[in-house]
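Working notes, beginning with the structure itself.
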Amino acid sequence: MFAVAEATPDLKANQNFLALQGELTSTEGKIAYARQFYNDSVMSFNTAIQRFPANMVAGMFGFTQRDYFEIEAAAAEPVAVQF
Numbered sequence: 000m001f002a003v004a005e006a007t008p009d010l011k012a013n014q015n016f017l018a019l020q021g022e023l024t025s026t027e028g029k030i031a032y033a034r035q036f037y038n039d040s041v042m043s044f045n046t047a048i049q050r051f052p053a054n055m056v057a058g059m060f061g062f063t064q065r066d067y068f069e070i071e072a073a074a075a076e077p078v079a080v081q082f
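Numbering follows numbering that gives the first Met the number 0, in which position 52 of the sequence shown is assigned residue number 51; successive positions increment by one, without gaps.
This is the structure in structure tokens:
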């Protein structure tokens, strides 16, 4: 999207386009933060169910380790916006 803005000076100067750029950047940051928060929570959970005496309770109630949230390489690339 930023390459399109560089190629079109009128579009780059438009305040609405600049607001869209800021919103997309903010949204990507929020998604990254939420993914990190989830993975930190999973790490804490996995660690907790391995410690005594929580491991005994976890075993009785069937708590098992959870997987981390991982994204595919294609999803990690910047969002493509068509105009």
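The beta carbon of each residue, even a glycine, is placed where N, CA and C say it ideally should be.
Computed from a predicted structure; not experimentally measured.
Cβ-Cβ distance between residue i and residue j below 8 angstroms
i	j	result
tyrosine 37	phenylalanine 68	yes
Close beta carbons around residue i, own chain, < 6 angstroms, minus the five adjacent residues each side
i	result
glutamine 64	Asn45
alanine 47	Ala53
valine 41	Arg65 and Tyr67
Contacts around residue i, its chain only, beta-carbon distance under 7 angstroms, and the 5 residues preceding and following it disregarded
i	result
threonine 26	none
Beta-carbon contacts of residue i that lie in its chain and below 8 angstroms, excluding the five residues immediately before and after
i	result
isoleucine 70	Arg34
Could you tell me which whole alpha helix (DSSP H) segments of length 4 or greater appear in the region 5 to 64? 8 to 12, 14 to 47 and 53 to 60
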